[in-house]
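This report concerns only the one structure given below.
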Amino acid sequence: MIDSKTKIIGVIGKPIGHSMSPAMHNAAFSRLGLNYVYLGFEVTDLQRAIDGMRALGISGFNVTIPHKIDILKYLDKIDTTAKRISAVNTVVNDNGILTGYNTDCAGAVDALASKVKLKGRKIAVIGAGGAARAIAFGVAEKGAHILIINRTLAKGEKLVSDVNGFFPDSSKCGTIKELEDVDIIVNTTPIGMNPNIHATPVGKEFLRKNHIIMDIVYNPIETQFLRDAKSLGCMTISGIEMFVGQGAKSFELFTENKAPKEVMRNAVLNLL
Ligand SMILES: NC(=O)c1ccc[n+]([C@@H]2O[C@H](COP(=O)([O-])OP(=O)(O)OC[C@H]3O[C@@H](n4cnc5c(N)ncnc54)[C@H](OP(=O)(O)O)[C@@H]3O)[C@@H](O)[C@H]2O)c1
Numbered sequence: 265m266i267d268s269k270t271k272i273i274g275v276i277g278k279p280i281g282h283s284m285s286p287a288m289h290n291a292a293f294s295r296l297g298l299n300y301v302y303l304g305f306e307v308t309d310l311q312r313a314i315d316g317m318r319a320l321g322i323s324g325f326n327v328t329i330p331h332k333i334d335i336l337k338y339l340d341k342i343d344t345t346a347k348r349i350s351a352v353n354t355v356v357n358d359n360g361i362l363t364g365y366n367t368d369c370a371g372a373v374d375a376l377a378s379k380v381k382l383k384g385r386k387i388a389v390i391g392a393g394g395a396a397r398a399i400a401f402g403v404a405e406k407g408a409h410i411l412i413i414n415r416t417l418a419k420g421e422k423l424v425s426d427v428n429g430f431f432p433d434s435s436k437c438g439t440i441k442e443l444e445d446v447d448i449i450v451n452t453t454p455i456g457m458n459p460n461i462h463a464t465p466v467g468k469e470f471l472r473k474n475h476i477i478m479d480i481v482y483n484p485i486e487t488q489f490l491r492d493a494k495s496l497g498c499m500t501i502s503g504i505e506m507f508v509g510q511g512a513k514s515f516e517l518f519t520e521n522k523a524p525k526e527v528m529r530n531a532v533l534n535l536l
């Protein structure tokens with residue numbers, strides 16, 4: 265029951281109406297009998313939204329496009345991983361002190377690491393945006409070698425330089441033609457996302473049977489990229505795994521309870 269003691273958690277972004285985070289987190293609160301509610305807030309003026317969050321004592325919130333970078337300047341503390349990545353997707357309000365975290369990183373790394381050992385593996389990351397940054401830093405920390413393939417070379421080079429600044433010689437830029445030599449390919453671009461469900465970031469001719477393929481697009485659950493990979497016999501990892509993984513890590517930061525991941529996954533699958 266929602267009452268005067270209910271703790272409020274939210275997600276801020278623009279647009280926000282499509283977000284699956286409210287359903288995912290509310291299902292988890294309900295399963296554990298926690299007196300929390302999770303809402304979506306469409307935010308244009310970030311500074312005023314943060315002031316409002318502080319004034320109302322909102323317990324925590326997720327941050328999505330387009331605020332994941334700008335939010336950093338409004339926070340009191342930023343954890344080491346989020347600072348390296350320069351993006352925050354989770355904020356915890358501890359008695360007025362706002363601390364920023366990046367759970368996209370651990371969500372993606374756990375999704376990969378649950379299927380394959382990352383140390384020493386060659387991983388191609390397609391894209392160099394916010395999600396690519398989280399994944400590149402995460403897998404570099406696990407000892408992987410990274411090939412960044414991005415449409416805008418300068419942005420790819422910046423990511424390589426940033427990652428190599430912390431994990432020397434872990435990363436380089438490359439092209440699709442170099443996929444022959446990698447073990448794992450992760451799509452972090454929106455290519456293939458609903459409604460463009462037949463688009464793929466990597467033509468089937470560049471894939472081979474022993475590639476492990478992860479797509480972080482989760483709508484549709486099975487993208488064209490994953491379908492092509494499956495048809496060749498590749499091991500595949502759906503974007504749902506990262507989405508539920510990041511949500512579970514955020515949930516644990518918000519509530520200090522172990523996240524009921526299956527409940528969260530089912531809530532998302534029901535929406536899809
Ligand atoms: N599963 C999850 O939990 C999860 C978490 C976060 C994000 N996501 C999804 O991941 C995707 C990316 O999110 P983001 O925050 O990283 O976005 P972002 O910061 O805008 O980065 C997008 C990246 O994709 C590239 N790109 C976009 N359209 C392209 C196209 N038509 N052809 C080639 N490259 C293209 C961009 O290249 P340029 O640099 O050339 O512009 C950029 O590198 C979104 O679909 C988002 O929903 C999923």
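Numbered per the numbering used here, the sequence shown spans residues 265 to 536. Using N, Cα and C, we set each Cβ at its ideal position, and we do this for glycine too. Quick caveat, the model's predicted, so the values are computed rather than measured.
Relative to ligand 1, the beta carbon of residue 364 is positioned no closer than 7 Å to any heavy atom. Membership of residue 506 in any beta strand (DSSP E) is not indicated; the residue belongs instead to the alpha helix (DSSP H) covering 503–519. Residue environment analysis places residue 526 among the exposed positions, since fewer than 16 neighbouring C-beta atoms fall within 10 angstroms of its C-beta. Sorting 302, 337, 391 by C-alpha distance to the C-alpha of residue 315 places 337 at the top. According to the DSSP assignment, residue 411 belongs to the beta strand (DSSP E) that extends over 409–413.
By a beta-carbon distance limit of 8 Å, residue 291 does not contact residue 506. Their separation comes to about 18 Å. Contact between the segment 359–375 and the segment 411–422 is absent: fewer than 3 CB-CB pairs across the two stretches fall below 8 Å.
For residue 369, the enclosing alpha helix (DSSP H) stretches over residues 367–377. Looking at the backbone, the Cα of residue 307 and that of residue 296 are separated by about 29 Å.
Segment contact: the segment 343–358 against the segment 474–486, fewer than three CB-CB distances shorter than 8 Å; contact not assigned. At a Cβ-Cβ threshold of 8 Å, residue 410 and residue 425 do not count as neighbours. In the displayed model, residue 424 falls within a helix according to three-state DSSP. Distance from the C-beta of residue 361 to the nearest heavy atom of ligand 1 is not below 7 Å.
Taking 8 Å as the cut-off, the beta carbon of residue 382 is found no closer than this to the beta carbon of residue 362. About 5 Å separates the CB atoms of residue 356 and residue 517; that is less than 8 Å, so the two are in contact.
By the CB criterion at 8 Å, residue 430 and residue 349 fall outside the cutoff. Within the same chain, 367, 370, 371 come within 7 Å of residue 513 by CB-CB distance, once the 5 residues on both sides are set aside. Within the DSSP secondary-structure output, residue 406 pairs in no beta bridge. With respect to residue 397, residue 423 sits close: the two C-beta atoms are nearer than 8 Å. Sorting 299, 441, 347, 285 by C-alpha distance to the C-alpha of residue 265 places 299 at the top. Between the alpha carbons of residue 524 and residue 532 lies a distance of about 13 Å. Among the bridge pairs identified by DSSP, residue 274 is matched with 303, 325. Distances between the C-beta of residue 510 and the heavy atoms of ligand 1 include at least one below 7 Å. Boundaries of the beta strand (DSSP E) harbouring residue 357: 354–358, taken from the DSSP string. For residue 388, the closest of 313, 466, 491, 495 by C-alpha to C-alpha distance is 466.
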